[in-house]
Amino acid sequence: MKILSFKKAVYIALAAAALSVSAVAVTAAKVVPHISESRCSGCGDCIRICPPKANSITLVHGKAVIDPVTCISCRKCIYVCSYGACK
Ligand code: SF4
Ligand code: SF4
279 MKILSFKKAV
289 YIALAAAALS
299 VSAVAVTAAK
309 VVPHISESRC
319 SGCGDCIRIC
329 PPKANSITLV
339 HGKAVIDPVT
349 CISCRKCIYV
359 CSYGACK
């Protein structure tokens with residue numbers, strides 16, 4: 279087994295710590311779709327496809343609105359929207 283100098287060992291430990299912190303940041307990042315109010319027809323397709331465990335979309339004055347807290351970023355609402363309102 280190779281014996282590392284103290285300086286090199288500290289450098290490697292710091293690099294590993296930085297990597298694990300950035301990995302946590304990447305997994306924690308959540309991309310919530312955006313709904314264009316002017317394009318939304320209020321058809322409700324996105325509401326029906328939003329997974330029950332998230333149940334993140336509601337109609338407000340006839341327009342879909344996403345709750346960014348409960349959204350799990352599955353992107354199903356983007357794929358189902360035939361008006362190009364959800365991106
Ligand atoms: S599927 Fe699209 S058009 Fe229909 S309510 Fe959702 S965002 Fe609006
Ligand atoms: S990304 Fe998924 S969880 Fe979030 S609002 Fe759209 S369908 Fe619901």
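When the sequence shown is numbered by our numbering, its final residue is 365 and no position is left out of the sequence of numbers.
By construction, the Cβ of each residue, glycine as well, lies at the ideal position given by its N, Cα and C atoms.
From a predicted model like this one, the values you see are computed outputs, not experimental measurements.
Near residue i, what residues of its chain come up, given a Cβ to Cβ distance below 7 angstroms and the 5 sequence neighbours on each side ignored?
i, result
"His312", "Lys365"
"Glu315", "Lys341"
"Arg353", "Pro311"
"Cys355", "Pro311, Cys324, Ile327, Cys328, Ile335, Cys364"
"Arg317", "Tyr361, Gly362, Ala363"
Tell whether a beta-carbon distance below 8 angstroms holds between residue i and residue j.
i, j, result
"Ile327", "Leu337", "no"
"Val332", "Cys349", "According to the sequence as given, residue 332 is Ala; it is not Val. Yes, the pair counts as a contact, with Cβ atoms nearer than the cut-off."
Rounded C-beta distance between residue i and residue j? I'm assuming under 8 angstroms.
i, j, result
"Ser334", "Ile344", "5 angstroms"
Near residue i, which residues of its chain fall below 8 angstroms by C-beta distance, leaving aside the five closest residues on each side in sequence?
i, result
"Val310", "Ile344, Pro346, Cys349, Ser351"
"Gly322", "Leu337, Ala342"
"Gly320", "Leu337, Gly340, Lys341, Ala342"
Leaving out five residues on either side along the sequence, give the residues of the same chain with a beta carbon under 6 angstroms from the beta carbon of residue i.
i, result
"Lys308", "Ser351"
For a minimum of 3 consecutive residues, which ranges assigned as the beta strand (DSSP E) are wholly contained in the segment 321 to 361? With a minimum length of 3 residues, the continuous beta strand (DSSP E) runs that stay inside the segment 321 to 361 are 335 to 338, 341 to 344.
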